[in-house]
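Asks: Each residue of the sequence shown is one higher than the last, beginning at 1 in UniProt numbering. Glycine is no exception: its CB is placed at the ideal position from the N, C-alpha and C atoms. Bear in mind that the values here come from a model prediction, so they are computed numbers and not experimental data. Structure in structure tokens, see below.
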Amino acid sequence: MDRFNDFGFLDPGTYPMTFTELCDSILVKGEPYSLLPWDERWRRRLVEHLKILVNQLWAVGCTEVFIDGSFCSDKYQPNDIDGYFIADAKDVFDGTLVQKLNELDPYHCWGWNRQRIDEWGNYELEMWHRYRIELYPHCQGTYSGVCNTQGKNMKFDEFFRYDRDTEIQKGIVQLKKG
Numbered sequence: 001m002d003r004f005n006d007f008g009f010l011d012p013g014t015y016p017m018t019f020t021e022l023c024d025s026i027l028v029k030g031e032p033y034s035l036l037p038w039d040e041r042w043r044r045r046l047v048e049h050l051k052i053l054v055n056q057l058w059a060v061g062c063t064e065v066f067i068d069g070s071f072c073s074d075k076y077q078p079n080d081i082d083g084y085f086i087a088d089a090k091d092v093f094d095g096t097l098v099q100k101l102n103e104l105d106p107y108h109c110w111g112w113n114r115q116r117i118d119e120w121g122n123y124e125l126e127m128w129h130r131y132r133i134e135l136y137p138h139c140q141g142t143y144s145g146v147c148n149t150q151g152k153n154m155k156f157d158e159f160f161r162y163d164r165d166t167e168i169q170k171g172i173v174q175l176k177k178g
């Protein structure tokens, strides 16, 4: 992966990367020889925050973590990093997962209720306010809340591989240990 496609996204597919590989990729450094502005410093900071949360997920056994959103595009300065992780439905719905994650996080930011308002008047997750990251559990019974063109509520693995504005498929990054 050395450049974004004509739509400004990664080509469709899954791109496994360690954090080192992510920091060395176009997602942080930008395209070589590009004349477009690029905020590498901000993107590195987002990756540092992402690493904190992903290490917490890995510590509780959620080993499959995927990221996308504007971070995985040619946007100069993305607001955040969005993603999802594979989780056990029982642990998600009985609260065990949130409890385990919040035991690891000093700010207890894990949870999926948008209760705080950002500077633009939008409700955001607590983890967004602390880290500028939004990671959602993907399991049986969880949906993104966004419908595709047929009106079907998409699951996270489908939603993050699809651009709502252009209705095209796009690539995502799978984070791996290393």
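Per DSSP, G83 is paired with what?
Replies: In DSSP, G83 forms a bridge with I67, L135.
Asks: Between the Cα of E40 and those of K100, I117, D74, spot the shortest distance and give me the residue it belongs to.
Replies: Of K100, I117, D74, the residue nearest in Cα terms is D74.
Asks: By a C-beta neighbour count over all protein chains shown, 10 Å radius and 16 as the cutoff for buried, is G83 buried or exposed?
Replies: Buried: at least 16 other Cβ atoms inside 10 Å.
Asks: Since V92 contacts T142 with CB under 8 Å, what's their CB separation in whole angstroms?
Replies: About 7 Å separates the two Cβ atoms, so the contact holds.
Asks: Check the DSSP bridge columns for C147 and list the partner residues they point to.
Replies: Paired residue(s): N153.
Asks: Apart from the five residues just before and just after T96, which ones in its own chain have a Cβ nearer than 8 Å to its Cβ?
Replies: These residues qualify, in order along the chain: K90.
Asks: For E124, name the three-state secondary structure that DSSP assigns.
Replies: Strand.
Asks: Have a look at P16 and D6 and give me their C-alpha separation to the nearest angstrom.
Replies: The alpha-carbon atoms of P16 and D6 are separated by roughly 22 Å.
Asks: According to DSSP, F93 sits in a beta bridge with which residue or residues?
Replies: None; F93 has no bridge partner.
Asks: Between which two residues does the alpha helix (DSSP H) holding T20 run?
Replies: Per DSSP, T20 belongs to the alpha helix (DSSP H) from 19-23.
Asks: Let me make sure I understand the geometry here. Which of H108, Q174, P12, N79 has the alpha-carbon closest to that of W120?
Replies: Measuring from the Cα of W120, the nearest candidate turns out to be N79.
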